[in-house]
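Down below is the structure, laid out as structure tokens.
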Amino acid sequence: MKILVINCGSSSLKYQLFDMDTENVLAKGLVERIGIEGSQMKHVKTGAEPYTVVTPIKDHKVAMNLVLEALLDKDHGVVKSLDEISAAGHRIVSGGDYFKKSVIVTDEVMDAIKKCIPLAPLHNPGHIMGIEAIQHALPKMPNVVVFDTAFHQTMPDYAYMYGVPYEFYEKNRIRRYGAHGTSHHFVSLRAAEFLGKSSKGLKMVTCHLGNGSSISAVKYGKCIDTSMGLTPLAGVLMGTRTGDMDPAIVPFIQKVTNYTADEMNDFMNKKSGLLGVSGVSSDLRDVEEAADKGNERAKLAINILEYGIAKYIGAYTVAMGGLDVIVFTAGIGENSATTRAGVCKQLEFMGVKIDPEKNNIRGKEAIVSADDSKVTVVVIPTNEELMIARDTKRLTA
3 MKILVINCGS SSLKYQLFDM DTENVLAKGL VERIGIEGSQ MKHVKTGAEP YTVVTPIKDH
63 KVAMNLVLEA LLDKDHGVVK SLDEISAAGH RIVSGGDYFK KSVIVTDEVM DAIKKCIPLA
123 PLHNPGHIMG IEAIQHALPK MPNVVVFDTA FHQTMPDYAY MYGVPYEFYE KNRIRRYGAH
183 GTSHHFVSLR AAEFLGKSSK GLKMVTCHLG NGSSISAVKY GKCIDTSMGL TPLAGVLMGT
243 RTGDMDPAIV PFIQKVTNYT ADEMNDFMNK KSGLLGVSGV SSDLRDVEEA ADKGNERAKL
303 AINILEYGIA KYIGAYTVAM GGLDVIVFTA GIGENSATTR AGVCKQLEFM GVKIDPEKNN
363 IRGKEAIVSA DDSKVTVVVI PTNEELMIAR DTKRLTA
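The sequence shown begins at 3 in my numbering and counts up by one.
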């Protein structure tokens, strides 16, 4: 069974084709700058050299046709007929509280995803375009949607509710939804499997750390709290996002800058975080390099990030009544040994101990805690696409 996994943004389309008999990736690629000058597609057949097509791509329907043509190509393709592709799985950032699990696409499902656009205005419209594009190209093929918010739907009400008048929840669905749920779900299951245990017997904190970062408390296999909120702006410091802050800062900055609501939202999402504090970059690698050269603001940005992560881990230990495993994943979590060490150093009072030699790894599964650490610390590379493919297979096989 072959499953096509699709992750669309407003001007991009990422894809992977899986052979679900082996769970191997047959081909993957990225269509970027859709509707923008300089658009192109990069396609890679597993084991072969990358294949690039530079051409005007006016919309997602054109992009999807390019993808399907690449998958069929006699030199770069991996299927002889599109009939070999059984289903498509789509990543959806926000399903609000409409969806607690992955579902097959119907008209009613599409309507609900559209209703969630205010909760993920930068993401959901692109996801919708991706679904509609493949429905247009392959109208008989089933589509499955996998929601980043679904894994967090097991949170108790006291964890997801905010202290605003209750009618704003009833009428406007204002509550904590979280994000990166597909990643948190995957690494919590894989970490337990890697340790030879059941996730239903473990108290874990999963740390998805990248340009966007979120922390989740996963107790006995279920999420009971997560750091992102109504939108992906809340939580720890991120590449360009503020993370948690006093909400009164918003009107204060608006008064001194005359920012509109949209400009303020852009300021918090795209001009803050590591970039705003360090003044160097939104990429932690650049910030770490600047800090090594003595840049004090870069050092401050790193300290804010590591302190924030450690603080969430401590809080979630209280929420779960204990802690067995800390999982680091995503771009920073998988690759930055210094971040992992900096966070865990602040948790030594809890019996967390990092082994410097074990921690000297990048992008591979490993236990990085010392043998006498009371909490096991692991690195688990995330694989959201495989999680989407598995859900798609489960619903359509």
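For each residue, glycine too, the CB sits at the ideal point set by N, CA and C.
The distance from the Cβ of alanine 219 to that of valine 207 is about 6 Å, consistent with a contact at the 8 Å cut-off. Rounded to whole angstroms, the Cβ separation of isoleucine 369 and valine 380 is 5 Å, and the two are in contact under 8 Å.
Note on the stretch 222-289: whole alpha helix (DSSP H) runs with a minimum of 4 residues are 251-259, 263-272 and 275-280, in chain order. Within the same chain, and ignoring the five residues on either side of methionine 240 in sequence, the residues whose Cβ sits closer than 6 Å to its Cβ are Gly214, Ser215 and Gly275. For methionine 66, the enclosing alpha helix (DSSP H) stretches over residues 62-74. With respect to the 8 Å criterion, histidine 154 and glycine 132 are not classified as neighbours on the basis of their beta carbons. Isoleucine 130 and lysine 116 have their C-alpha atoms spaced approximately 8 Å apart.
Taking 3 residues as the minimum length, the beta strand (DSSP E) runs contained wholly in the stretch 134-207 are 145-149, in order along the chain. Take alanine 65, set aside five residues on each side of it, and the residues of its chain with a beta-carbon closer than 6 Å to its own are Leu15, Val33, Ile36 and Ile59, in chain order. Of the candidates Gln256, Leu140, Ala312 and Ile304, Ile304 places its Cα closest to the Cα of glycine 278. DSSP places lysine 301 in the helix class (H, G or I) of the three-state scheme.
Distance from the CA atom of glutamate 308 to the CA atom of threonine 341, rounded to whole angstroms, is 7 Å. Scanning Asn361, Ile334 and Asn337 for the CA closest to the CA of lysine 347 turns up Asn361. Look at the stretch 311-375 and you find these whole runs of alpha helix (DSSP H), each 4 residues long or longer: 332-337 and 339-347. Of the candidates Met322, Ile315, Leu74 and Ser190, Ile315 places its Cα closest to the Cα of valine 345.
When the Cα atoms are used, asparagine 9 and histidine 186 turn out to be separated by approximately 17 Å. In the structure shown, lysine 16 adopts extended strand secondary structure according to DSSP, grouped into three states. About 6 Å separates the Cβ atoms of methionine 43 and glycine 31, confirming a contact at the 8 Å cut-off. Alanine 399 and phenylalanine 149 have their alpha carbons spaced roughly 20 Å apart. Less than 8 Å separates the beta-carbon of alanine 161 from that of aspartate 227. The Cβ atoms of cysteine 209 and phenylalanine 330 sit closer than 8 Å to each other.
Of all C-beta pairs linking the stretch 189-197 to the stretch 168-177, fewer than three are shorter than 8 Å, placing the two stretches out of contact. Counted as a single uninterrupted DSSP element, the stretch harbouring alanine 50 is not any alpha helix (DSSP H), since DSSP gives it neither H nor E. In this structure, isoleucine 106 sits away from glycine 212, with a CB-CB distance that is not shorter than 8 Å. Nearest in C-alpha terms to glutamate 110, of all of Gly128, His182, Val147 and Tyr17, is Val147. Per DSSP, the beta-bridge partners of serine 216 are His210. Note on isoleucine 328: 16 or more other CB atoms within 10 angstroms of its CB, so buried under the neighbour-count rule.
Its chain contains Arg364 and Gly365 as the residues whose beta carbon lies nearer than 8 Å to that of asparagine 337, once the 5 sequence neighbours on both sides are disregarded; these appear in chain order.
Nearest in C-alpha terms to aspartate 61, of all of Lys355, Ile38, Thr54 and Gly49, is Ile38. Lysine 47 and valine 69 have their C-alpha atoms roughly 12 Å apart.
Taking the CA atoms as reference points, threonine 57 sits about 32 Å from aspartate 288. CA-CA distance, arginine 396 to serine 13, rounds to 30 Å. Assigned with DSSP and collapsed to three states, arginine 392 falls in helix.
The three-state secondary structure of isoleucine 59, taken from DSSP, is coil. For methionine 131, the secondary structure class from DSSP, reduced to helix, strand or coil, is helix.
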